[in-house]
DNA sequence: TTGACAAACTTGTTTGAACAAGTTATTATT
DNA sequence: AATAATAACTTGTTCAAACAAGTTTGTCAA
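Residue numbers (this note's numbering), protein chains in the order written: chain U, 116 to 352; chain R, 116 to 352.
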């Protein structure tokens, strides 16, 4: 399927770990042995192992070997960059989306401070409410650069914006800076999530970049505090 | 100083970016050019660039070049694994630590569920209050595996536990699974952070592993909601 | 049995090379 | 001048090799 050897080996070892073929706290076969198993060079094995180490599945120790973590990560989206529709599609949870706000606006100094876009630039402003099991759970407020995403429509926002951006517009997303914090419920939260003003909400602030390094999106995801969790794996420098 | 070429090149390019030598959204010299600049092989250059891409400083585009991100990360601790004393030492903020709880205990089923340690194992239980500018800001609740950290004392907890673990005990830390969520203030929070019971606090749950993959620590950091922020960079799969 | 030493492992770093594949600039053709 | 083919870039993947450096094992001598 994929023609990258290192990625197939990465997947192969990962499923072997999650299936218990390689037990937690046990040692993987040596790199030399894995070379023979997969019939590739040591560099290719090491590249697969590096990704596994990055995601918290294994840890290599100089002179000793490569060990399986005591508790390999369960959530495949390890602090990753997945859109809401992708997550809901994988988990099979049924979600309804309503769009109370869909407009274009010019960035003033206050909005530039918030979103990181330049003053005077034109952006789409979209607010989406995610309803899970008939409970309003998430409020997403998106800002897209109009010059990079010119043909956005309301109906696209009801489906998957990322699918549209990546497949229709052929834009390639590199990654996002994420800031997680807690804030008092904003007027938007009070209106659309029906939260009293003094209560806190969990906020993820995403500044999203294309492969060229340009910022093309700023998004805030406001979550009900009880429903919110964020998982990631951090390696020690 | 450090004898790793790729790491020195990584640092060199990173400071060049933060100092504006390589402007945001501009293109870095080609890998071939960088090879000549630093007099190393292309693989070594690529390794340095890979780390920079991981941290959100640059993004490579097949066939085009390596671009500097529009807004390279400011916070050097990018969702990283730094102890509290290390952060406060870098930022120069003065912090006072009080330790209301320092004890050993046996893990029961409830605590095993919470911490991930096995039932019946012995752990140190430490609660530390961090006071910043005479305001109680953070409550840290640590659980350490007694077999791995046998000689822990109260006075060590007043200083830096990680310094003790890494330098005195010579244990090497691989990384930590982090779960960030919001919870109603616990009895500990109510007692030591003086928070009313119905209010929420921001909680970071860390499961920390040694280089061998063994879990040796579980820690919860409870933060006042107004003071809490967590930064990270996520790459698109 | 104990200790010291060497050999045989392990992973970590670096080099050089070759080819694949995407993008840009040049050139030739019409 | 516009177009198409080509060449000259760029990064992406993989290989083979050598050496460094940490860990374990085995051997031999005291």
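Idealized CB from N, CA, C, for every residue including glycine.
Item	Value
Residues that DSSP places opposite residue 318 of chain R in a beta bridge	R:296 and R:337
Unbroken stretches of the alpha helix (DSSP H), 4 residues or longer, contained in the segment 192 to 274 of chain R	199 to 206, 224 to 230 and 269 to 273
8 Å contact criterion, which residue 340 of chain U and residue 318 of chain U should meet: CB distance rounded	In fact, because the Cβ distance is near 10 Å, the residues do not count as touching under 8 Å.
Sequence-distant residues of the same chain with beta carbon closer than 8 Å to residue 137 of chain R, five excluded per side	128, 131, 143 and 183
For residue 267 of chain R and residue 258 of chain R, believed in contact at Cβ under 8 Å, the rounded distance	The Cβ separation is near 11 Å, so there is no contact.
Own chain residues within Cβ distance below 7 Å of residue 273 of chain U, not counting five before or after	212 and 214
Spatial neighbours of residue 334 of chain U in its chain, beta-carbon cut-off 6 Å, leaving aside the 5 residues before and after	257 and 321
Beta-carbon contacts of residue 167 of chain R that lie in its chain and below 7 Å, excluding the five residues immediately before and after	125, 128, 129 and 173
Local conformation of residue 325 of chain R per DSSP, three classes	strand
Host beta strand (DSSP E) of residue 168 of chain U (start-end)	Per DSSP, residue 168 of chain U belongs to no beta strand (DSSP E); it is in the alpha helix (DSSP H), 157 to 169.
Any chain R beta carbon closer than 9 Å to residue 269 of chain U	no
Under 8 Å (Cβ pairs) to chain R, residues found in the segment 128 to 157 of chain U	139 and 140
Residues in the segment 156 to 183 of chain R having any Cβ partner in chain U nearer than 7 Å	171, 174, 176, 182 and 183
Near-chain R residues of the segment 330 to 344 of chain U (beta-carbon distance less than 8 Å), N- to C-terminal order	330, 340, 341, 343 and 344
9 Å Cβ cutoff, residue 326 of chain R in contact with chain U	yes
C-beta atoms of residue 248 of chain U and residue 209 of chain U nearer than 9 Å	yes
For residue 148 of chain R and residue 342 of chain R, the rounded distance between their alpha carbons	45 Å
CB contact below 9 Å: residue 235 of chain U versus chain R	no
Short-range partners of chain R found in the segment 278 to 297 of chain U, where Cβ spacing is below 7 Å	288, 289, 290, 291, 292, 293, 294, 295, 296 and 297
Neighbour-count burial assignment, residue 330 of chain R, 16 or more Cβ in a 10 Å radius	buried
heavy atom of the ligand SAH below 8 Å from residue 264 of chain R C-beta	Ligands are entirely absent from the displayed structure, and the ligand SAH is therefore not among its contents.
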